[in-house]
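Engineer: To convert, count from 1 in the sequence shown and add 1; that's this note's numbering. No residue lacks a Cβ here, since even glycine has one placed at the ideal position from N, Cα and C. Computed from a prediction, not measured in an experiment: that's the story for all the values here. Got a structure here, written out as structure tokens. Questions coming.
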Amino acid sequence: MSKWSIPAIRISFAIIFIWFGILKPFDVSSAESLLKATVAWLPFGSPEFWLVAIGWWEVAIGITFLFQRTTKIAIALLFLQMIGTFMPLFFLPEVTFQNGNILTPSLEGQYIIKNVMIISAALVLGGQYYKSK
């Protein structure tokens with residue numbers, strides 16, 4: 002199992018980030034309204050700009066996970082992206098939690114909170130990467 006676990010995580014990340022990322026620049030992402038609402042307060046760039054930029058950023062994360070040599074870069078890009086991913090929990094609690102109760106996340110909140118698992122898997126990858134070097 003250990004022979005395939007690390008490549009499986011990398012390939013899973015690649016599929017998820019390329020697939021979900023490529024939807025954003027083409028305006029077919031179900032996360033579009035949440036993303037635009039999250040970045041609307043930024044002092045530069047329109048929400049549409051950020052939708053495209055974040056989409057391509059996610060595609061870049063996915064592509065860098067495809068190759069073992071670029072896994073370190075992929076992990077760095079992923080952690081930067083995760084900062085933004087958690088922003089709606091703080092800036093849009095009315096969207097991410099039911100009736101303002103942090104114990105009852107909405108579907109959007111659950112979508113965001115599950116990223117803790119993505120972070121954990123990235124830590125496993127990073128630990129494996131640094132252990133073998």
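According to the Cβ coordinates, are F66 and A54 closer than 8 Å?
Structural biologist: Contact flag unset, no.
Engineer: Report the partner residues of N102 according to the DSSP bridge assignment.
Structural biologist: Beta-bridge pairing links N102 to Q99.
Engineer: Which class does K37 belong to by DSSP, given the choice of helix, strand or coil?
Structural biologist: K37: helix per DSSP, three-state reduction.
Engineer: Considering only residues of the same chain and omitting the five flanking positions on each side of A122, which have a CB-CB separation below 6 Å?
Structural biologist: So the qualifying residues of the chain are I10.
Engineer: Going by other Cβ atoms of all chains shown within 10 Å of its Cβ, with 16 needed for buried, is F45 buried or exposed?
Structural biologist: So F45 ends up on the exposed side.
Engineer: Nearest-angstrom Cα distance between P48 and A38?
Structural biologist: Distance between the alpha carbons of P48 and A38 is about 8 Å.
Engineer: Please check the pair G22 and W57, which I expect to be a contact at CB under 8 Å, by giving their CB distance rounded to whole angstroms.
Structural biologist: Confirmed, Cβ separation roughly 7 Å.
Engineer: Starting from the C-beta of I17, find all residues in its chain whose C-beta is less than 6 Å away, skip the five residues before and the five after it, and write them out in chain order.
Structural biologist: Cβ neighbours of I17 beyond the five flanking positions: none.
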